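Here's the structure we're looking at; comments come further down.
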């Protein structure tokens, strides 16, 4: 049976932590306001959904063709989560933006070069979903869309809070980073007990 607490903890924490989508959504929100940032966020949703569906198809095919891949994927994913936890814990909390872009098309295209969402989907599928829903196409499509919607909700939060969210990370960086790091460690450990 799917461990919903572990799965949703992983999905939400991974989606809400800083990454290209969230940082650019925050930047657009602080520059253009929540409503002005919506086209970019809807582009993210469209691209995110496409990438989630393609990754789900890939994971399903690989798991079917090479059933023994689950353990190496879990180990690699667990190590990656521990690495993210360490990097999150030791980061300064300063969120740097190297460039700002906005608009639906840029949000859509950004998803195809965003490594964070590929790992997000592969780990979700291999660790949580495929062991219980292998070959169940409607369920897999539903989980793909759920993952995309969680990511979309995260970008909306970053847009809505704009500069206030940026200030929160800067002001309470150690507390926020420690909390996120501990939750990532929990996700890494729970991969082996699902």
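Numbering (the working numbering), first residue to last: 6 to 199.
Cβ coordinates follow ideal geometry from the N, Cα and C atoms, glycine included.
Computed from a prediction, not measured in an experiment: that's the story for all the values here.
query: Through-space distance from residue 11 to residue 146, alpha-carbon basis; result: 20 angstroms
query: Proximity below 8 angstroms, CB of residue 42 to CB of residue 34; result: yes
query: Where residue 183 sits in the DSSP three-state scheme; result: helix
query: Segments assigned alpha helix (DSSP H), at least 4 residues, entirely inside the segment 6-43; result: 9-21
query: Cβ pair residue 197, residue 87 closer than 8 angstroms; result: no
query: Cα-Cα separation, residue 112 to residue 30; result: 9 angstroms
query: Boundaries (first-last residue) of the alpha helix (DSSP H) holding residue 128; result: 120-128
query: Check whether residue 188 and residue 46 have beta carbons under 8 angstroms apart; result: no
query: Contact belief for residue 129 with residue 20 at Cβ below 8 angstroms, rounded distance in angstroms; result: Residue 129 to residue 20, Cβ: 10 angstroms. No contact.
query: Sequence-distant residues of the same chain with beta carbon closer than 6 angstroms to residue 102, five excluded per side; result: Residue confidence is low: residue 102 scores 48 on pLDDT, short of 50, so the model does not pin down where it sits. Its coordinate-derived value is still stated next. Only 28 and 32 meet the Cβ criterion.
query: With 16 other Cβ atoms within 10 Å as the buried cut-off, status of residue 89; result: buried
query: Beta-carbon gap between residue 57 and residue 137 smaller than 8 angstroms; result: no
query: Proximity to residue 8 [Cα-Cα], best of 133, 167 and 149; result: 133
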